[in-house]
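J.:
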Amino acid sequence: MPWRALLRTSGAVWGLLPACVWMWIYARQPDALVTAPEGYWEAATAHIAVVGIVPLALCAAAGAWEAARIRRSGLVDGGAPARSPLAVASSQLRTVWMAGLLCGLVALLCVAERAVGGPGRPDLRVLALLGLLVTAHTLAGYAAGLLLPRTLAAPVVAVAVFLWLSYPVAMEPLWLRQLNGTNLNEGWSYERTLDARALIAPGLVATGILLAAVIVIAARTRPVKLTALLPVAAALALAVPMVTPLGYDPTSSRDTSLLSCSGEPVRVCLWPEQSEDGDRFRPWVTDAAGRLKEAGVTLPKTYTPAFAGPTREDVITTLVSGMMPDPAPECAGRQPWPGEAAYAPVAMWLELTAGGDPEEVASRVDDGGKALSLVQDVRKLPATAQARWYRTNRATLTRCDLEPRLAATAYRGGSR
Numbered sequence: 000m001p002w003r004a005l006l007r008t009s010g011a012v013w014g015l016l017p018a019c020v021w022m023w024i025y026a027r028q029p030d031a032l033v034t035a036p037e038g039y040w041e042a043a044t045a046h047i048a049v050v051g052i053v054p055l056a057l058c059a060a061a062g063a064w065e066a067a068r069i070r071r072s073g074l075v076d077g078g079a080p081a082r083s084p085l086a087v088a089s090s091q092l093r094t095v096w097m098a099g100l101l102c103g104l105v106a107l108l109c110v111a112e113r114a115v116g117g118p119g120r121p122d123l124r125v126l127a128l129l130g131l132l133v134t135a136h137t138l139a140g141y142a143a144g145l146l147l148p149r150t151l152a153a154p155v156v157a158v159a160v161f162l163w164l165s166y167p168v169a170m171e172p173l174w175l176r177q178l179n180g181t182n183l184n185e186g187w188s189y190e191r192t193l194d195a196r197a198l199i200a201p202g203l204v205a206t207g208i209l210l211a212a213v214i215v216i217a218a219r220t221r222p223v224k225l226t227a228l229l230p231v232a233a234a235l236a237l238a239v240p241m242v243t244p245l246g247y248d249p250t251s252s253r254d255t256s257l258l259s260c261s262g263e264p265v266r267v268c269l270w271p272e273q274s275e276d277g278d279r280f281r282p283w284v285t286d287a288a289g290r291l292k293e294a295g296v297t298l299p300k301t302y303t304p305a306f307a308g309p310t311r312e313d314v315i316t317t318l319v320s321g322m323m324p325d326p327a328p329e330c331a332g333r334q335p336w337p338g339e340a341a342y343a344p345v346a347m348w349l350e351l352t353a354g355g356d357p358e359e360v361a362s363r364v365d366d367g368g369k370a371l372s373l374v375q376d377v378r379k380l381p382a383t384a385q386a387r388w389y390r391t392n393r394a395t396l397t398r399c400d401l402e403p404r405l406a407a408t409a410y411r412g413g414s415r
């Protein structure tokens, strides 16, 4: 069929192009791409998964719709002896693939805004996986359209594929979400990179689905069609052990040799995406670290900001966060943890000592200003007394057998 006729009659054009508009609108929502670090192309490209579920489901539905049209025309089951069933399918699905890949390009444009200006380029591995998913789901939809009742094929396929692509993220076991290729947007920060298994496993499953669809389309008899289950089973047998250790997170630790470090007393280590902004906030780190060192606080050896373009308050907050222990020690699950009452005051004292703004610091603790009032009393003590207050109460954060002593009056006997 000529391209002009295909474009005029194909359901892919009328279904997928509006989906591209939907993707653009969705990506404009404030929290749609919030987990993609700014300027990080790999993370941004991985977020195609966020906006690509609906177009993939529509590709499959369009494939089923094209199969129903072919069945009505009589080109199946001997109606077109000069052309193989696969040749007929490929001809009819051209516009579906074209529209699906166009939606993939729109998806890339949607997420690219988050990374433009950063080093590198879009992750070609993710784009290749997206192309494979479009091809596999479209062909699978076509195969299903040959088997299902014509009037039900497209809606049933659309719902089934949408559920397969979107619902595993809300199900257990956690690794199940790694099999469909739409979970690449989890767990991102500058220190994370895509784990190869999170790309290979859904690629295997998609390949199994594609081969199964080819068998269903090409086979003439029902027993041969049943062998379509074999490539899917083989793909799952390879993919499931691969993703089981990943759990919900498709990322792994990034190569630390990419960090560039400089400065004293705390070395500021920056990822390539942060390096251009380093001259702006490195003096803030040096100033905050100097204040903490003067107060007798043990400093971390290195500091890496959690995101691009941090403010002075962001730098102080993240520096202090890296110096605090986990919110609760292991023993807190078995017995009372008295040190819980000291967590907010200790963190607040560190931030104020590092030069943080009192109002900004207090706004993050919803206690009516009690912690701020307590810490301000402590900061009126001599430096040595403040250091004793910090060491005493900091120790209670990692143990359950120590009681915090937060009142400034308990330390007024210290020497200056």
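In numbering that gives the first Met the number 0, the protein residues as written are 0 to 415.
Here a beta-carbon is modelled for each residue, glycine too, at the ideal position from N, C-alpha and C.
Have a look at P403 and K292 and give me their C-alpha separation to the nearest angstrom.
T.: Here the question's residue 403 lines up with position 404 in the sequence shown. Here the question's residue 292 lines up with position 293 in the sequence shown. Looking at the two C-alpha atoms, the distance is approximately 23 Å.
J.: Candidates K300, G355, E339: which alpha carbon is nearest A287's?
T.: By 1-based counting over the sequence shown, the position of residue 287 is 288. Closest option to A287, Cα to Cα, is G355.
J.: Tell me the rounded alpha-carbon separation between S362 and M323.
T.: Looking up residue 362 in the sequence shown gives position 363. Looking up residue 323 in the sequence shown gives position 324. Distance between the alpha carbons of S362 and M323: 19 Å.
J.: For D278, count the other beta carbons within 10 Å of its own beta carbon; 16 or more makes it buried, fewer makes it exposed. Which is it?
T.: Here the question's residue 278 lines up with position 279 in the sequence shown. Exposed is the call here.
J.: Please classify M420: is it buried, with 16 or more other beta-carbons within 10 angstroms of its beta-carbon, or exposed?
T.: Residue 420 cannot be examined here, being either before or after the span of the chain that is shown, 0 to 415.
J.: Measure the alpha-carbon distance for L85 versus W96 and round it to whole angstroms.
T.: In the sequence shown, residue 85 corresponds to position 86, counting from 1. In the sequence shown, residue 96 corresponds to position 97, counting from 1. Going from the Cα of L85 to the Cα of W96 covers about 15 Å.
J.: Go ahead and pull the three-state DSSP assignment for C268.
T.: The residue you call residue 268 lines up with position 269 of the sequence shown. In this structure, C268 counts as strand in the three-state DSSP scheme.
J.: Tell me the DSSP secondary structure of R124 in three-state form.
T.: Taking the sequence shown and counting its residues from 1, the one referred to as residue 124 is at position 125. Residue state, collapsed to three classes: helix.
J.: Use the C-beta contact count for L245: other C-beta atoms within 10 angstroms, 16 or more gives buried, fewer gives exposed.
T.: Taking the first residue of the sequence shown as position 1, residue 245 is located at position 246. The residue is buried, with at least 16 neighbouring Cβ atoms inside 10 Å.
J.: Grab me the residues of G144's own chain with a C-beta within less than 6 Å of its C-beta, minus the 5 sequence neighbours each way, in chain order.
T.: Here the question's residue 144 lines up with position 145 in the sequence shown. So the list reads A63, A66, A67, A152, once near-sequence residues are dropped.
J.: Which word fits R415, buried or exposed, when buried means at least 16 other C-beta atoms lie within 10 angstroms of its C-beta?
T.: For the purposes of this step, residue 415 is taken as residue 416 along the sequence shown, with counting starting at 1. Low confidence applies to R415: its pLDDT is 41, below 50, so where it sits in the model is not reliable, and the reading given next is rough at best. That one is exposed.
J.: Does I69 pass the burial test, meaning 16 or more other C-beta atoms within 10 Å, or should it be called exposed?
T.: Position 70 of the sequence shown holds residue 69. By the 10 Å Cβ count, I69 comes out buried.
J.: Would you call the stretch 314–331 and the stretch 373–384 touching, i.e. three or more CB-CB distances under 8 Å?
T.: no
J.: Hey, how far is the Cα of S256 from the Cα of T303?
T.: Position 257 of the sequence shown, counted from the first residue, corresponds to residue 256. Position 304 of the sequence shown, counted from the first residue, corresponds to residue 303. So the two alpha carbons sit approximately 14 Å from each other.
J.: Among T250, E329, C268, whose alpha-carbon lies nearest the alpha-carbon of K300?
T.: Here residue 300 refers to the residue found at position 301 of the sequence shown. Closest by alpha carbon: C268.
J.: Using three-state DSSP, classify S414 as helix, strand or coil.
T.: Residue 414 sits at position 415 when you count from the first residue of the sequence shown. Legend: pLDDT at S414 = 47, less than 50; position of this residue unreliable, no value from coordinates given.
J.: Rounded to whole angstroms, what is the Cα-Cα separation between D400 and L132?
T.: If you number the sequence shown from 1, residue 400 lands on position 401. If you number the sequence shown from 1, residue 132 lands on position 133. Going from the Cα of D400 to the Cα of L132 covers about 55 Å.
J.: Using 9 Å as the threshold, is the C-beta distance between L147 and V155 below it?
T.: Here residue 147 is taken as the residue at index 148 of the sequence shown, counted from 1. Here residue 155 is taken as the residue at index 156 of the sequence shown, counted from 1. A contact, by the Cβ cut-off of 9 Å.
J.: Counting only the same chain and skipping the five closest in sequence on each side, list residues whose C-beta sits under 8 Å from that of N392.
T.: The count along the sequence shown starts at 1 and reaches residue 392 at position 393. Correct list, in chain order: G338, A341, P344, V345, P403, R404, L405.
J.: By a C-beta neighbour count over all protein chains shown, 10 Å radius and 16 as the cutoff for buried, is R411 buried or exposed?
T.: Indexing the sequence shown from 1 puts residue 411 at position 412. Exposed, because fewer than 16 other Cβ atoms sit within 10 Å of the Cβ of R411.
J.: Helix, strand or coil for S165 per DSSP?
T.: As a first step, residue 165 must be located in the sequence shown, where it is residue number 166. Here S165 sits in helix by DSSP.
J.: Inspect the beta-carbon positions of L107 and T44 and report whether they are closer than 9 Å.
T.: Here residue 107 refers to the residue found at position 108 when the sequence shown is read from its first residue. Here residue 44 refers to the residue found at position 45 when the sequence shown is read from its first residue. Yes, Cβ-Cβ distance for L107 and T44 is below 9 Å.
J.: For a test of the three-state rule: what should DSSP assign to G119, helix, strand or coil?
T.: By one-based count along the sequence shown, residue 119 stands at place 120. If DSSP states are grouped into helix, strand and coil, G119 belongs with coil.
J.: Smallest Cα separation from R281: which of T226, A307, D248?
T.: The residue you call residue 281 lines up with position 282 of the sequence shown. Nearest of T226, A307, D248 to R281, Cα basis: A307.
J.: Taking its Cβ as the centre, do 16 or more other Cβ atoms sit within 10 Å of P249, making it buried, or is it exposed?
T.: As a first step, residue 249 must be located in the sequence shown, where it is residue number 250. Counting Cβ neighbours within 10 Å, P249 comes out buried, since at least 16 surround it.
J.: If you follow the alpha helix (DSSP H) that R191 is in, where does it begin and where does it stop?
T.: Working through the sequence shown from its first residue, we reach residue 191 at position 192. From DSSP, R191 is part of no alpha helix (DSSP H) but of the beta strand (DSSP E) over 191–193.
J.: Measure the C-alpha to C-alpha separation of A232 and G103 and round it to an integer number of angstroms.
T.: What you label residue 232 is simply residue 233 of the sequence shown in a count that begins at 1. What you label residue 103 is simply residue 104 of the sequence shown in a count that begins at 1. Approximately 28 Å between the Cα atoms of the pair.
J.: Which residues in the same chain have their Cβ closer than 8 Å to the Cβ of V242, if we skip the five residues on either side of it in sequence?
T.: The residue given as residue 242 occupies position 243 in the sequence shown. Cβ neighbours of V242 within its own chain (closer than 8 Å, five residues either side excluded): W174, Q177, L178, R196, A197, A200.
J.: Mind checking who T301 pairs with in its DSSP beta bridge?
T.: Numbered from 1 along the sequence shown, position 302 holds the residue referred to as residue 301. Per DSSP, R266.
J.: Rounded to whole angstroms, what's the CA-CA distance from V364 to G130? Just pull it up for me.
T.: As a working note, residue 364 is residue 365 in the sequence shown. As a working note, residue 130 is residue 131 in the sequence shown. For V364 and G130, the distance between alpha carbons rounds to 47 Å.
J.: Do you know offhand how far I52's Cα is from A127's?
T.: Counted from its first residue, the sequence shown places residue 52 at position 53. Counted from its first residue, the sequence shown places residue 127 at position 128. Approximately 16 Å, taken between the alpha carbons.
J.: Starting from S252, follow the alpha helix (DSSP H) in both directions and report where the run begins and ends.
T.: Locating residue 252 in the sequence shown gives position 253, counting from the first residue. Looking at the DSSP string, S252 is not in any alpha helix (DSSP H); the run it does join, the beta strand (DSSP E), is 250–252.
J.: Can you give me the Cβ contacts of T395 inside the same chain, cut-off strictly under 8 Å, excluding the 5 residues immediately before and after it?
T.: On the sequence shown, residue 395 is found 396 positions in, with the first residue counted as 1. Excluding positions up to five away in sequence, the list reads P337, G338, A341, L401, E402, P403.
J.: To which residues of the same chain is A227 closer than 6 Å at the C-beta, ignoring the five residues directly before and after it?
T.: For this step, residue 227 is matched to residue 228 along the sequence shown. So the list reads A211, I214, V215, once near-sequence residues are dropped.
J.: State the Cα-Cα distance for the pair T285 and V374, rounded to the nearest angstrom.
T.: On the sequence shown, residue 285 is found 286 positions in, with the first residue counted as 1. On the sequence shown, residue 374 is found 375 positions in, with the first residue counted as 1. Cα to Cα, the separation comes out at about 23 Å.
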